[in-house]
Amino acid sequence: MGFIGILPWQIYAGIAAGFVSLTDILSKKVLMREHSVQYILAMDGFYAAISIPLIWFINFPNLKIVFPWILLSVILGAVGQIFTVKSMRHLELSSIMPLFNLSTLISVVIAIFFLGEKFSALKGLGVALMVLGTFLIERSQGPFSITFKDKTHLYPFIPVVLYAFLHVINKKVLGTLDIISLFAANSFLYFFIYYFFSIFWGYRIKEFLNDSYGHDKKMIFGIGSGAIASDFAYYFALKQAPVSLVLPIFRLHSLTSVIFGGKYFHEHHLRLRIISTIVILVGLYLIVGKI
1 MGFIGILPWQ IYAGIAAGFV SLTDILSKKV LMREHSVQYI LAMDGFYAAI SIPLIWFINF
61 PNLKIVFPWI LLSVILGAVG QIFTVKSMRH LELSSIMPLF NLSTLISVVI AIFFLGEKFS
121 ALKGLGVALM VLGTFLIERS QGPFSITFKD KTHLYPFIPV VLYAFLHVIN KKVLGTLDII
181 SLFAANSFLY FFIYYFFSIF WGYRIKEFLN DSYGHDKKMI FGIGSGAIAS DFAYYFALKQ
241 APVSLVLPIF RLHSLTSVIF GGKYFHEHHL RLRIISTIVI LVGLYLIVGK I
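Taking my numbering, the leading residue of the sequence shown gets 1, the next gets one more, and so forth.
In structure tokens, the structure reads:
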């Protein structure tokens, strides 16, 4: 994968953010009429199908060491994906996407203690602004005592924590594994986990997949293609730079999702949420520093 260094890591992180923002909006549109599990199975089935030709390129130099970390990351990601999709299905896009920025804070802390990455007071101020912006967005939904009576408002907090660990694990794995091997392994493991999960809960896999691909074939293809492009761009960035620098740029997708997704779906309190995302943007710049 010698072409990884062709573009600066900042560009790769920005490309990943752009594709994620697009897939966020398209996913929300699909989830307005599709079941969460049905959507996840269709997406992971698409991922697995795309990864079949990559089997010949998979290379695990230290299988016993690397595979447990990959499996752990997939388990964390699978649980996080379930609650992310449920959040997108039941809540407004402009209220949940900025909340995921909190995982950056957790990831940075993890990276400092476990990966030895550096963190300054200026970056700390940036993180504080990110938290403030997220607080304002959540406050726009009403008093917290009222907001959290509905358990659906708690859904985004679960992937916030899980994704923080996931990003750090991916960085660790990419230190010894190439991008194609990681992508293919993740794709197959995600699909098998959801497949067995669905059987356990009594879902009819064939009907779910047929209905999903039949009703939203073009949308699933578009979302899947965008997600794959985002994954590769994100891995390219992570190969070149620390987690604490890649994540703030990657999380810019929450800003565009709020602005464009909020307008497209005519969501509430959009002006306040846009102002809040600007606060988060300033915080991200302070963390990244010189882009």
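In this text, a Cβ means the ideal position worked out from N, Cα and C, and glycines have one as well. Quick caveat, the model's predicted, so the values are computed rather than measured.
- Scanning its chain for C-beta atoms nearer than 7 Å, with the 5 sequence neighbours on each side dropped, one finds around Leu125 the residues Leu286, in chain order.
- Classified as buried, Phe165 has 16 or more neighbouring CB atoms from the shown chains inside 10 Å of its CB.
- Leu255: member of the alpha helix (DSSP H) spanning 253-256, first to last residue.
- Boundaries of the alpha helix (DSSP H) around Ile50: 36-51.
- Arg251 sits away from Asn62, with the two beta carbons spaced by 9 Å or more.
- DSSP, read as helix, strand or coil, puts Ser187 in helix.
- Residue burial annotation: His266 is exposed, with fewer than 16 other C-beta atoms found within 10 angstroms of its C-beta.
- For the pair Trp56 and Ala237, the CB atoms are not nearer than the 9 Å cut-off.
- If you check the CB distance, Ala241 and Ala16 do not come in under 9 Å.
- The straight-line gap separating the alpha-carbon atoms of Leu154 and Gly80 is approximately 12 Å.
- The beta carbon of Gly262 sits closer than 8 Å to the beta carbons of Glu92, Leu93, Ser94, Leu270, Arg273, Ile274 from its chain, once the five residues preceding and following it are set aside; these are given in chain order.
- Going by DSSP, Trp9 is part of the alpha helix (DSSP H) stretching over 9-31.
- Given a length threshold of 4 residues, each whole run of the alpha helix (DSSP H) inside the stretch 78-104 is given here in chain order: 93-96.
- Inclusion of Asn59 and Leu189 in the CB contact set at 9 Å is not warranted, their separation being larger than that value.
- In this structure, Leu99 sits away from Val161, with a CB-CB distance that is not shorter than 9 Å.
- Boundaries of the alpha helix (DSSP H) around Ser230: 217-240.
- With respect to the C-alpha of Ser73, the residue from Tyr163, Phe196, Val109, Pro248 having the closest C-alpha is Tyr163.
- Across the set Gly226, Ala184, Ile75, the C-alpha of Ile75 shows the shortest separation from the C-alpha of Phe197.
- Your pair Ile50 and Ile228 checks out as a contact, with CB atoms roughly 6 Å apart and the cut at 8 Å.
- Between the C-alpha atoms of Ile40 and Ile220 there is a straight-line separation of about 10 Å.
- At least 9 Å separates the beta-carbon of Ser225 from that of Asp44.
- If you check the CB distance, Val37 and Tyr194 come in under 9 Å.
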